[in-house]
Amino acid sequence: MKLYYKAGACSLAPHIVLREAGETFEIEAVDLATKKTASGADFTALNPKGYIPALLLDDGSLLTEGAAISLYVAEKNPAAGLLPADALGRARVTEMLLFIATELHKSFSPLFNPSFDAAAKETAKGLLIRRLDFTEKLLADGRDYLVGGSFTPADAYLFTVLGWTGFVGIDLAGFTHLSAYRARIAARPAVQAALKAEGLI
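First residue of the sequence shown: 111, per the working numbering; consecutive thereafter.
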């Protein structure tokens with residue numbers, strides 16, 4: 111398998127999950143401005159969506175969308191224990207993945223877009239802070255992970271998007287539980303390995 115990624119982008123989440131699962135895989139960086147891979151290939155020929163992540167499977171087929179990739183890898187490697195055994199527990203993981211994708215991840219988009227004016231960015235930032243506050247309160251019960259008491263793909267995704275807060279002027283120090291959570295996830299060996307592989311540490 112090969113994961114196409116951009117360092118520190120949303121592709122970091124499935125990258126972490128691949129390492130947590132103990133999968134054998136390669137990674138190849140993509141320049142999203144030129145749509146070229148590190149080896150010089152046309153990324154849009156491989157993935158017409160033109161964005162990352164994309165996972166090239168061993169049979170030559172392609173899987174896209176970070177949450178789908180992460181769930182596939184977790185399902186494929188049950189011994190890694192990345193998903194709860196029960197249906198409701200798995201649904202809770204999906205629930206959190208969808209919340210992160212639609213409410214957190216997408217809230218960053220206007221803040222990274224130079225075409226948005228200052229007023230629009232302030233509105234987006236306010237929404238993002240409210241979503242972070244919800245997540246902060248979720249962690250206030252003392253849980254170590256988002257769902258079910260163990261690491262799941264939702265944790266890989268939340269860790270990834272929390273890494274963007276400093277770039278948009280949000281100080282996580284004001285979120286005690288989120289700050290502790292991020293440090294806890296960052297210390298995991300698979301997370302450290304993914305960060306190193308992407309040149310982030």
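From the three backbone atoms N, C-alpha and C, an ideal C-beta is built for every residue, glycine too. Since we're looking at a predicted model, the values are computed, not measured.
| Check | Outcome |
| --- | --- |
| Endpoints, beta strand (DSSP E) assigned at D141 | E136 to D141 |
| Those residues which DSSP pairs with D152 across a bridge | K146 |
| Range covered by the alpha helix (DSSP H) that runs through A117 | Here A117 belongs to no alpha helix (DSSP H), and DSSP marks it neither H nor E. |
| Runs of alpha helix (DSSP H) wholly within the region 229-306 (minimum 4 residues, chain order) | 263-272 and 286-296 |
| L173 versus M111: straight-line alpha-carbon distance, rounded | 11 Å |
| Best match in L310, F153, A123 and K306 for proximity to A211 [C-alpha to C-alpha] | A123 |
| Through-space distance from A264 to G252, alpha-carbon basis | 17 Å |
| Same chain only: Cβ atoms within 7 Å of G132, ignoring 5 sequence neighbours per side | N187 and A190 |
| Nearest to K145 (by Cα), restricted to the options G309, T134, G160 and E136 | G160 |
| Cα-Cα separation, A303 to G273 | 16 Å |
| Complete beta strand (DSSP E) runs within the region 141-224 (minimum length 3 residues, chain order) | 164-166 and 172-174 |
| When A234, R129 and S225 are compared against L192, the one with the closest alpha-carbon | R129 |
| Counted within 10 angstroms of its Cβ, other Cβ atoms place N157 as buried (16 or more) or exposed | buried |
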